[in-house]
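Enquirer:
Protein chains: 2
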Amino acid sequence: MRLTTKGRFAVTAMIDLALRDEGGPVTLAAISERQGISLSYLEQLFGKLRRHSIVESVRGPGGGYTMARTLETVTVADIIAAVDEPLDATMCGGKEDCHETGRVGGGLQEGTPKGQCMTHDLWATLNKKMHEYLESVTLAQLVRQQRDRMAASQAAQQAGAPAVQNVIVDHRKPGVRGTPAIA
Amino acid sequence: MRLTTKGRFAVTAMIDLALRDEGGPVTLAAISERQGISLSYLEQLFGKLRRHSIVESVRGPGGGYTMARTLETVTVADIIAAVDEPLDATMCGGKEDCHETGRVGGGLQEGTPKGQCMTHDLWATLNKKMHEYLESVTLAQLVRQQRDRMAASQAAQQAGAPAVQNVIVDHRKPGVRGTPAIA
DNA sequence: GATATACTTGAGTCAATTAGTCGGGCTTGC
DNA sequence: GCAAGCCCGACTAATTGACTCAAGTATATC
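Protein chains in written order, with this note's numbering: chain A, 1061 to 1243; chain B, 1061 to 1243.
#1: Pop quiz: B:Q1142 and B:H1191 are said to be a contact at Cβ under 8 Å. What is the actual Cβ separation, rounded to whole angstroms?
#2: I want to verify the contact list: residues of chain A whose CB lies under 8 Å from the CB of B:I1075, in sequence order.
#3: Can you find the residues in the same chain that come closer than 8 Å, C-beta to C-beta, to A:G1067, ignoring five residues on each side of it along the sequence?
#4: Note down the Cα distance separating B:V1115 from B:T1072, rounded to an integer number of angstroms.
#5: Would you say A:Y1193 reaches chain B, if we count a Cβ-Cβ gap shorter than 8 Å as a contact?
#6: Locate the alpha helix (DSSP H) running through B:V1136, then write down its first and last residues.
#7: Could you check whether the Cβ of A:R1207 sits closer than 8 Å to any Cβ belonging to chain B?
#8: Specify whether the region 1203 to 1210 of chain A and the region 1206 to 1216 of chain B touch according to this definition: at least 3 beta carbon pairs, one from each stretch, less than 8 Å apart.
#9: Just to confirm, are A:I1091 and A:D1076 a CB contact at a threshold of 8 Å?
#10: Using only CA atoms, which one of B:Q1218, B:R1119 and B:V1197 lies nearest to B:V1134?
#11: When you compare the CB positions of B:A1078 and B:L1199, do they come within less than 8 Å of one another, or not?
#12: List the residues that DSSP assigns as beta-bridge partners of B:G1123.
#13: Can you pull the chain B residues whose beta carbon is under 7 Å from the beta carbon of A:K1189, in chain order?
#14: Indicate whether at least one CB of chain B lies closer than 8 Å to the CB of A:T1198.
Structure, rendered in structure tokens:
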């Protein structure tokens, strides 16, 4: 299981979509604006999500994306698997001869327990545990959680704090080229 | 928590060291040969392990590395933390808008939401779970496991199995032995 | 004290991967 | 038939991970 910002972007975007799915198709342009993710990048992400039947697209004016399944049946693991393609993180490719392949400068020496990677089980188990957790979290849970949060901060605002709308998170690290990260 | 091959190499090398620690200092050159890891790279790794008090070095002829603590007190998490430096995997790095509210408890939806980073808790919890698992596995367990494996393959050879080089694959896959199940 | 062994350090190289961008197509509602 | 919006594949700049090199320093033994 690979964990990159790509997967995180995808989860964030999916929460955004799920939050407003009821009002018909949601455009990528809108998600892009709200979440501060570039439109081109979102297209790339949602192309994969669509091919994995997590979302559906509606073309033409008034189009956009909608959920392809109920929120309860979409897990974080599904989303990450969809955008991050290759899924194994055991690092020794599921085979036992982890060390030999690709090693420069000759393989292993004789007289040693070779033929299997001493740490294989360790990584395999870790991988399984990570997967189990991500599979246990559904989009429905994240949406509910986010709704709670929004309600709470709204309450705080009414208590006197100035409104902050359109909160945009900048996932990018400083020093990247291209358009500066929003406001 | 970062997971790279560097961490994997380090764990592998540590198991190798632990397996022969009793016979005095083990040289990096020997580990390098047995495990097929370049000497220079091992030097880099063990420099960090030493600075984190996981191993001790003995200089001069007959020198090498020894364990600085007992096998029971060294966890996989320790080793990985030593070589892969800090960096948490929540990905919404400390600096960004993602206002982390001194998270330790880890429970979802804590008070005072900042409306930012909708996925922070998700990654923070995942991170915690990974850490918990890696912390639950000690070097002692891995060594025991490896000794079992070696004994088993030796027995297989003596039992008249046509000595197929040293390519002995572990058929039984009973998960990781000796690892306490974490919640 | 010369010498060989082995640890120590830090800077440097190189290739793979990531995180995007660009630009042109296709579909469909109005 | 135009424009909103999805669709798709090629392209690329940075970053990072993996690994090397070279020049040390410390110490045991003869």
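Note that the Cβ used here is the ideal one computed from N, Cα and C, for glycine as well.
Expert: So, to answer that:
#1: Start at 1 with the first residue of the second sequence, and residue 1142 of chain B comes out as number 82. Start at 1 with the first residue of the second sequence, and residue 1191 of chain B comes out as number 131. Gln is not the amino acid found at residue 1142 of chain B; the sequence shown has Ala there. In fact, because the Cβ distance is near 14 Å, the residues do not count as touching under 8 Å.
#2: Walking along the second sequence from the start, residue 1075 of chain B turns up at place 15. Simply M1178 and T1179.
#3: Here residue 1067 of chain A corresponds to residue number 7 of the first sequence, with the count starting at 1. The answer, listed in chain order, is I1139, I1140, V1143 and D1144.
#4: For this step, residue 1115 of chain B is matched to residue 55 along the second sequence. For this step, residue 1072 of chain B is matched to residue 12 along the second sequence. If you take the alpha carbons of B:V1115 and B:T1072, they lie about 14 Å apart.
#5: By 1-based counting over the first sequence, the position of residue 1193 of chain A is 133. Chain B, which has a Cβ nearer than 8 Å to the Cβ of A:Y1193, makes this yes.
#6: Your numbering for residue 1136 of chain B matches position 76 in the second sequence. It spans V1136 to V1143 - the alpha helix (DSSP H) in which B:V1136 sits, taken as one unbroken run.
#7: Translated into positions along the first sequence, residue 1207 of chain A becomes position 147. No - not a single Cβ of chain B is within 8 Å of the one on A:R1207.
#8: no
#9: Locating residue 1091 of chain A in the first sequence gives position 31, counting from the first residue. Locating residue 1076 of chain A in the first sequence gives position 16, counting from the first residue. Yes.
#10: For the purposes of this step, residue 1134 of chain B is taken as the residue at position 74 of the second sequence. Measuring from the Cα of B:V1134, the nearest candidate turns out to be B:V1197.
#11: Reading the second sequence from its first residue, position 18 is the one you call residue 1078 of chain B. Reading the second sequence from its first residue, position 139 is the one you call residue 1199 of chain B. In this structure, B:L1199 lies closer than 8 Å to B:A1078 by Cβ.
#12: Residue 1123 of chain B sits at position 63 when you count from the first residue of the second sequence. Answer is none; B:G1123 lacks a bridge partner.
#13: Residue 1189 of chain A sits at position 129 when you count from the first residue of the first sequence. Scanning chain B for C-beta atoms nearer than 7 Å to the C-beta of A:K1189 yields K1189 and Y1193, reported in chain order.
#14: Within the first sequence, numbered from 1, the residue matching residue 1198 of chain A stands at position 138. Answer no: the Cβ-Cβ gap between A:T1198 and chain B never drops below 8 Å.
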